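One line per chain: the protein sequences are A and B, in this order. Just so you know, our numbering puts 246 at position 249 of the first sequence, and the rest follows in order with no gaps. Heads up: take any position in the second sequence, counting from 1, add 1252, and you land on our numbering. Where is the CB? At the ideal position from N, CA and C, for every residue including glycine. Everything numeric in this text was worked out from a predicted model, so none of it was measured.
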Amino acid sequence: MPEILLRPFVRLGHSVVSAIWRLGFASRFLAAIVLMSGTTFRRPYLLMREIYFSGVLSLIIILVSGLFVGMVLALHGYDTLSRYGSEEWLGVLVALSLTRELGPVLAGLLFASRAGSAITAEIGLMKATEQLSAMDMMAVNPVARVVAPRFWGGVISMPLLAAMFSAMGVLGGYLVGVVQIGVDPGSFWSQMQSQVDFERDVLGGVVKSVVFGIAVALIAVFEGYDSDATAEGVSRATTRTVVTSALVILGLDFVLTAFMF
Amino acid sequence: MTSLSPDLAPVVDIRDLHFRYDARDVLRGINLRVPRGKVVAIMGGSGCGKTTLMRLIGGQLRARGGELKVFGESIADINRERLYDLRRRMGMLFQFGALFTDMSVYDNVAFPLHEHTELPEELIRDLVLMKLHAVGLRGAAHLMPSELSGGMARRVALARTVALDPQLIMYDEPFAGLDPISLGVIGQLIRRLNDALGASSIVVTHDVQESLQIVDYIYFVSEGRIIAEGTPDEIRASTDPWVHQFVWGEVDGPVPFQYPARPYREALLGSADA
């Protein structure tokens, strides 16, 4: 077969092998992070600093987005439910959509864009400016001192942000549904209370957000640590973090939803 | 070898060291010794393998062949834990300082002390101020790295490098990009700190004139091999064409000015595919 016809297959094979290689490397990297997490938990200020940078500084975008998503859900939901005379179910619709699905997924996507990209850029720049090498030469393991705190900071922040996203969404739904449109507040809250199951719906959402948190935090620290030590390398790693995180979140969401509900 | 008498136990002892990146041979049989208390320079053109050699000494790279001993231990045969034990006795100054950009000058210098000692905070403060005073920057303790000039950043990095009083200090291009005053200051600090700490130093550089003033011995590396060595006086008096060209900065010589190409006349008068 002529070489020109084989070339696409060679490229495809190369891409698949590279992807499997990176996946294996990322898995070993995760194992290394877990094994070297002692420093993070022995020195809580390291962890608190990362929770501040990943979590607290992401609050504005999460809260504002949650509020608007809840408001839009209420508008659409009311429009549909009112055709069947079921406006009192608006609270249930908003709460279930947020806790089961939109809270973890959208908070995960926003978290990857704001905190994930920042973590990748920070670690990538530390590598490019030889700060990680300097630390290593000082007999301080960069995985333990730099990577692990950022990983755990992300893992802890993500479920909390998803919960706040959902809470703000419910508030947004209330403002539009009850305050603006005039749905009965008693029905709004009581239907929500009776129909939203804590274990099935709320805990299901929490499990999703924890899984997304682990995935995004791992992708962010891995891409930063594995980036080429150049300005272009850091830029590409940051983009890869956002794109890969989005695809992984959506893929994992489908798998988790299929198993949970 | 006037300055490197064999009775001095070497801190670094390298014999027939080989290293390659993928298919490219970077080091091809290096032999080098750094005795206790001496300042040794490793010189050579860009890309000749100087920095690679220093990274091999620091254990950041592993050699393909030969023997590399630091403090009497073979770097190739020790695990990561033992390597970290050795690194606590080393200090390395990176080319552009590699200061931690999210920490102040004070915190940068205190970093190794916080990581490796259980000293009370007051004592750490005193030690940091002493190290900063030694490099003339005690008054800059509160500044962030972004507020420092290149020379100041290099001096802060030097204070951080010697924070734990290392026995072996390595400098990667310490003079690169510095103005003449900063260059002189860094040069004198390298010598003074080495003597004050009783340490041994390796300076990787291509700044010939500054190095000749402060070092005890010089190794010249070219194409992965040691091609000349000697004390500063021996190097100044050397008739070796390569050393002569390098020391006196001559444009043409064993290292040609022109990149290999077909004859000039032929290129100008011949076809356009030159």
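Whole runs of the alpha helix (DSSP H) within the segment 1295 to 1358 of chain B, excluding any shorter than 4 residues:
1302 to 1309, 1332 to 1339
In angstroms with no decimal places, state the Cα-to-Cα distance between I246 (chain A) and V1292 (chain B).
54 Å
Buried or exposed: S1398 (chain B), going by 16 or more other Cβ atoms within 10 Å of its Cβ?
Within 10 angstroms of the beta-carbon of S1398 (chain B) lie fewer than 16 other beta-carbons, which makes it exposed.
Counting contacts by CB-CB distance shorter than 7 Å, is Q128 (chain A) in contact with chain B?
yes
Top-ranked residue by Cα proximity to L1420 (chain B), from B:I1454, B:A1448, B:F1498
B:I1454
Residues of chain A with CB under 7 Å from Y1336 (chain B), in chain order?
A136
Could you say which of B:A1405, B:L1379, B:G1439, B:R1332 lies nearest to M135 (chain A) if we only look at CA atoms?
B:R1332
Could one say the Cβ of A131 (chain A) lies closer than 7 Å to chain B's Cβ atoms, at least one of them?
True, the Cβ-Cβ gap to chain B drops below 7 Å.
How big is the Cα-Cα spacing for S1255 (chain B) and I1466 (chain B)?
Caution applies to S1255 (chain B), whose pLDDT of 48 falls short of 50 and renders its modelled position unreliable; the value that the coordinates give is listed next. So the two alpha carbons sit approximately 13 Å from each other.
Looking at the unbroken beta strand (DSSP E) that takes in V1473 (chain B), where does it start and where does it end?
Where V1473 (chain B) is concerned, the enclosing beta strand (DSSP E) stretches over 1469 to 1474.
Per DSSP, which residues does I169 (chain A) bridge with? Please list them.
The residue you asked about is not Ile; residue 169 (chain A) is Gly in the sequence shown. In DSSP, G169 (chain A) forms no bridge with anything.
Can you tell me whether DSSP reads A1526 (chain B) as helix, strand or coil?
For A1526 (chain B), the predicted structure reports a pLDDT of 48, less than 50, and the residue's modelled location is therefore unreliable. A value from the coordinates is still provided. Secondary structure at A1526 (chain B): coil, using DSSP grouped into helix, strand and coil.
Select from A:L87, A:T96, A:R46 the residue whose C-alpha is nearest the C-alpha of D250 (chain A).
A:T96
Strictly below 8 Å CB to CB, what residues from chain A border A1350 (chain B)?
T126, E127, Q128, S130, A131
Validate contact between the segment 169 to 181 of chain A and the segment 54 to 72 of chain A using beta carbons, cut 8 Å, 3 pairs
yes
Report the start-end ranges of each beta strand (DSSP E) in the segment 139 to 164 of chain A that is 3 residues or longer and not cut off at the edges.
For the segment 139 to 164 of chain A, not a single whole beta strand (DSSP E) run of length 3 or above is found.
Unbroken beta strand (DSSP E) run spanning R1276 (chain B), endpoints
1276 to 1287
Per-residue DSSP class, three states only, for L1384 (chain B):
helix
Does the Cβ-Cβ distance between S51 (chain A) and G151 (chain A) come in under 7 Å?
yes
Exposed unless 16 or more other CB atoms sit within 10 angstroms - verdict on L1365 (chain B)
buried
Give a yes or no on whether the C-beta atoms belonging to I1470 (chain B) and I1487 (chain B) are separated by under 7 Å.
yes
Could you give the C-beta distance for E1462 (chain B) and G1482 (chain B), rounded to a whole number, given that I count them as a contact under 8 Å?
Not a contact, Cβ separation roughly 17 Å.
Give me the residue from A:R25, A:E85, A:A92, A:A115 with the minimum Cα distance to E47 (chain A).
For E47 (chain A), the nearest C-alpha among the options comes from A:A115.
Three-state secondary structure assigned by DSSP to M33 (chain A)
It is coil, neither helix nor strand.
Might you give, ordered along the chain, the residues of its own chain that have their beta carbon closer than 7 Å to the beta carbon of R1314 (chain B), omitting 5 neighbours on each side?
Non-local beta-carbon contacts of R1314 (chain B) in its own chain, meaning distances under 7 Å to residues more than five positions away in sequence, involve A1328 in chain order.
Below 8 Å, how does it come out for the segment 225 to 240 of chain A and the segment 119 to 137 of chain A: are there three or more Cβ pairs, yes or no?
yes
Could you confirm whether any beta carbon from chain A is found closer than 7 Å to the beta carbon of P1262 (chain B)?
P1262 (chain B) does not count as touching chain A.
Inspect the beta-carbon positions of I216 (chain A) and T241 (chain A) and report whether they are closer than 7 Å.
Between I216 (chain A) and T241 (chain A), the C-beta gap is smaller than 7 Å, which places the two residues in contact.
Are the C-beta of M1355 (chain B) and some C-beta of chain A separated by less than 7 Å?
No, because no Cβ of chain A sits closer than 7 Å to the Cβ of M1355 (chain B).
For W149 (chain A), count neighbouring Cβ atoms within 10 angstroms of its own Cβ and tell me buried if that reaches 16, exposed if not.
buried
Classification of V1264 (chain B) by the beta-carbon crowding that lies within 10 angstroms, buried from 16 upward:
Classification of V1264 (chain B): buried, given that the 10 Å Cβ count is 16 or more.
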